[in-house]
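Report on the structure given below.
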Amino acid sequence: MSETMPKIYIVDDEASVRRALVRLLAAHGHCAIPFSSANDFFAAVDPDSEPACLLLDLEMPGVNGIALQQMLREKLPIIILTGHADVPLTVVAMQAGAMDFLLKPVSDTVLLAAVARGCEVAMQRHARRDELRQLNARVDRLTPREREVMAWVVTGRLNKQVACELGTVEKTIKAHRARVMRKLEVTSLPELVRIADKIGLAAIDEGRPPH
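Numbering (our numbering), first residue to last: 237 to 447.
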């Protein structure tokens with residue numbers, strides 16, 4: 237099995253269901269890790285640490301599946317397993333971000349297809365989180381003044397306009413801009429704009445007229 241292959245967490249209070257799912261998933265090369273409750277899952281798992289997806293039973297004692305979904309939000313792709321085709325419950329689960337809603341007993345083919353989709357999404361989300369961590373590490377190298385200059389530069393303003401806004405001279409802005417580009421390891425304005433967008437850098441009020 238590939239070291240980067242997502243883990244499959246199973247949260248279901250029925251031991252027989254957990255055993256059957258682990259056997260099926262292991263037979264198809266997955267690393268399946270079962271939990272009997274949401275509390276056990278949270279005590280053992282950091283959902284941000286590695287790619288994974290979750291097979292989740294909705295109706296459990298204590299913290300139920302819907303509550304667990306709401307706690308996790310976008311951290312893991314979630315496949316709901318339930319023994320009851322409750323339409324309102326289905327709607328709530330899908331609105332809470334479930335990828336799939338499967339009715340027990342579910343065929344191996346349907347379940348494995350859902351897991352494959354979940355693994356693909358897990359890898360994509362993990363890659364995005366990893367990229368964001370790397371970008372934030374670069375941005376942390378910037379001084380407060382360099383961040384301020386960057387926020388103006390990514391609006392498309394010229395160096396002399398930024399200098400006027402910040403009460404300094406164009407030469408100083410050019411120096412700050414060069415340091416920002418070097419620290420962020422980019423060579424063009426479009427690359428800088430993409431980084432600002434990805435990290436959610438506070439934008440300068442576009443309604444404010446440049447000088």
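Here a beta-carbon is modelled for each residue, glycine too, at the ideal position from N, C-alpha and C.
Simplified DSSP assignment, three categories, for lysine 243
What you label residue 243 is simply residue 7 of the sequence shown in a count that begins at 1. In the structure shown, the three-state DSSP call for lysine 243 is strand.
Whole runs of the alpha helix (DSSP H) within the segment 255-284, excluding any shorter than 4 residues
Within the segment 255-284, the runs of alpha helix (DSSP H) at least 4 residues long that lie entirely inside it are, in chain order, 274-280.
With a Cβ-Cβ cutoff of 8 Å, do glutamate 382 and valine 416 count as a contact?
Sequence index remark: in the sequence shown, residue 382 carries index 146 (1-based). Sequence index remark: in the sequence shown, residue 416 carries index 180 (1-based). The answer is yes: Cβ separation under 8 Å.
Threonine 423, DSSP secondary structure in three states:
If you number the sequence shown from 1, residue 423 lands on position 187. Secondary structure of threonine 423 (DSSP, three-state): coil.
Is the beta carbon of histidine 264 closer than 8 Å to that of leucine 348?
As a working note, residue 348 is residue 112 in the sequence shown. As a working note, residue 264 is residue 28 in the sequence shown. A Cβ-Cβ contact shorter than 8 Å links leucine 348 with histidine 264.
Give me, in chain order, the residues of the same chain whose beta-carbon lies closer than 6 Å to that of leucine 257; leave out the 5 immediate sequence neighbours on both sides.
Reading the sequence shown from its first residue, position 21 is the one you call residue 257. Taken in chain order, the residues that qualify are Ile246.
Specify, as a first and last residue, the run of the alpha helix (DSSP H) that leucine 347 falls within.
As a position in the sequence shown, residue 347 is number 111, starting the count at 1. First-last of the alpha helix (DSSP H) with leucine 347: 344-375.
With a Cβ-Cβ cutoff of 8 Å, do valine 375 and isoleucine 314 count as a contact?
Here residue 375 refers to the residue found at position 139 when the sequence shown is read from its first residue. Here residue 314 refers to the residue found at position 78 when the sequence shown is read from its first residue. Going by C-beta atoms, valine 375 is not nearer than 8 Å to isoleucine 314.
Is proline 287 buried or exposed, if buried means 16 or more other CB atoms sit within 10 Å of its CB?
As a first step, residue 287 must be located in the sequence shown, where it is residue number 51. So proline 287 counts as buried.
Excluding sequence positions up to five away, which residues of its chain have a Cβ less than 7 Å from the Cβ of isoleucine 316?
Residue numbering aside, residue 316 sits at position 80 when the sequence shown is read from its first letter. Same-chain partners within the cutoff: Leu292, Leu294, Gly301, Ala329, Ala334, Asp336, Phe337, Leu338.
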